[in-house]
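Chemist: Residue numbers for the sequence shown follow full-length UniProt numbering, so the first one is 1 and each next one is one higher. Glycine included, each C-beta is placed from N, C-alpha and C at the ideal position.
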Amino acid sequence: MAMTATATFRTTQEFKSRVDFLAKETRRPSSFYFNLLLEEHLEDLEDIYLSEKVLQDIRSGKEKTYTTEEVCKELGL
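Pasting the structure below:
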């Protein structure tokens, strides 16, 4: 089982009410749904923001790109 930690954040009353309602109706804690929401969307956010960083690094010359031919040659394909 993963270790847990406490996080505090602000959200709208409407959003909290929706999560609380869902939790009550399904007899699960609100934290279950907050964690589910965070887990499902964190990877998307990482992909978006970290790919923007890589693109900036490519454009500035900090990150090198390779053609398909270069990759095939390196892999002996």
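Whose CA, out of 22, 72, 73 and 68, lies closest to the CA of residue 37?
Modeler: Here residue 37 refers to the residue found at position 37 of the sequence shown. Among 22, 72, 73 and 68, the Cα nearest to that of residue 37 is on 22.
Chemist: Name the two residues that bound the continuous alpha helix (DSSP H) containing residue 68.
Modeler: Walking along the sequence shown from the start, residue 68 turns up at place 68. First-last of the alpha helix (DSSP H) with residue 68: 68-75.
Chemist: Quick one: Cα of residue 3 to Cα of residue 73, how far?
Modeler: Residue 3 sits at position 3 when you count from the first residue of the sequence shown. Residue 73 sits at position 73 when you count from the first residue of the sequence shown. If I take the Cα positions, the gap works out to 45 angstroms.
Chemist: Assign residue 65 to one of three DSSP states: helix, strand, or coil.
Modeler: Taking the sequence shown and counting its residues from 1, one reaches residue 65 at position 65. Of the three classes helix, strand and coil, the one that applies to residue 65 here is coil, per DSSP.
Chemist: Between which residues of its own chain and residue 59 is the CB-CB distance below 6 angstroms, once the five residues before and five after are set aside?
Modeler: Taking the first residue of the sequence shown as position 1, residue 59 is located at position 59. Within the same chain, residue 59 has no close Cβ partners at all.
Chemist: Are the beta-carbon atoms of residue 31 and residue 19 separated by less than 7 angstroms?
Modeler: Taking the first residue of the sequence shown as position 1, residue 31 is located at position 31. Taking the first residue of the sequence shown as position 1, residue 19 is located at position 19. Their beta carbons are not under 7 angstroms apart, which means residue 31 does not touch residue 19 by this criterion.
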